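See below for the structure under consideration.
Numbering (the working numbering), first residue to last: 1 to 258.
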């Protein structure tokens, strides 16, 4: 019973900021300082959402964007985890590659769009390359920063207890790196969603980024609001799922809660 009350309390507290946002939204419209045509009301955006779902295939746009993001994140993290581990575990490798990693990490993905179009065309591959780029470099940074801070004490203790190299890797290194892998996944997911609109500039026919771009051409502000809110909501659902997975996989870690 106490646990259910705690969950209900967290859910209610989670809704409070959103109620505040909607109240401020209506307050801005009622203030008279801003042209009402520039800020559609929340109920107008909600009505547009229903219209887009029923008649414009909004759910397919959500699916198209979520699919691109998931593919980009999965491919990026699969490449980032071993690279980040090597850079974090071997100081010489980190010293060698750190300047180059930080150089490419600082480049905004949107700046690469012309080159991506030249080398990969305007098909789905080009969009995935942009998302892969965003996920890979953000994942590498998180991984190697985390792995480089792992204390070697655990490995020395395992060797003292007679563990061989395979047992050390399986029972010590993997559990210690798992939190950093999950953190890299969460960071890469956020960065990739932030890059989505840029990736869908490349001749995308469907997707939330493409919908926002098309709506901006015709000054359809309510559609733009719907697209932005959908991106935030889908990203929030994915991040919540990752947090739930992390809580179960990392239940052995000591955590402090208020």
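Virtual Cβ for every residue (Gly too), placed ideally from N, Cα, C.
Please read these numbers as outputs of a predicted model, since none were measured by experiment.
>> Please classify residue 69 as buried or exposed, where buried requires at least 16 other C-beta atoms within 10 Å of its C-beta.
In response: For the purposes of this step, residue 69 is taken as residue 69 along the chain shown, with counting starting at 1. That one is buried.
> Is residue 35 helix, strand or coil by DSSP?
Replying inline: Here residue 35 corresponds to residue number 35 of the chain shown, with the count starting at 1. Shown here, residue 35 sits in coil according to DSSP, grouped into three states, outside any helix or strand.
> Under three-state DSSP, which class holds residue 256?
Replying inline: Working through the chain shown from its first residue, we reach residue 256 at position 256. Residue confidence is low: residue 256 scores 43 on pLDDT, short of 50, so the model does not pin down where it sits. Its coordinate-derived value is still stated next. In this structure, residue 256 counts as coil in the three-state DSSP scheme.
> Between 76, 155, 177, which lies nearest to residue 167 when the distance is taken from Cα to Cα?
Replying inline: For the purposes of this step, residue 167 is identified with residue 167 of the chain shown, where counting begins at 1. Measuring from the Cα of residue 167, the nearest candidate turns out to be 155.
> Of the residues 126, 140, 20, which one's Cα is nearest the Cα of residue 177?
Replying inline: Looking up residue 177 in the chain shown gives position 177. Selection 126, 140, 20 evaluated against residue 177 yields 140 as nearest (Cα-Cα).
>> If I follow the unbroken alpha helix (DSSP H) through residue 188, where does it start and stop?
In response: By one-based count along the chain shown, residue 188 stands at place 188. That run of the alpha helix (DSSP H) goes 174–199.
> Where residue 189 and residue 75 are concerned, what is the direct C-alpha to C-alpha distance, given to the nearest angstrom?
Replying inline: For the purposes of this step, residue 189 is taken as the residue at position 189 of the chain shown. For the purposes of this step, residue 75 is taken as the residue at position 75 of the chain shown. Their backbone Cα atoms lie some 12 Å apart in a straight line.
> Is the region 41–53 in contact with the region 221–233, if contact means three or more CB pairs nearer than 8 Å?
Replying inline: yes
> If you follow the alpha helix (DSSP H) that residue 109 is part of, which residue opens it and which one closes it?
Replying inline: Here residue 109 corresponds to residue number 109 of the chain shown, with the count starting at 1. Counted as a single uninterrupted DSSP element, the stretch harbouring residue 109 is not any alpha helix (DSSP H), since DSSP gives it neither H nor E.
> Got a sec? Which residues, its chain only, sit under 7 Å from residue 147 by beta carbon, not counting five neighbours each side?
Replying inline: Counted from its first residue, the chain shown places residue 147 at position 147. Only 84, 85, 88, 89, 177, 180 meet the Cβ criterion.
> Which residue's Cα is closest to the Cα of residue 135: 79, 30, 24, 211?
Replying inline: Numbered from 1 along the chain shown, position 135 holds the residue referred to as residue 135. The option with the nearest alpha carbon to residue 135 is 79.
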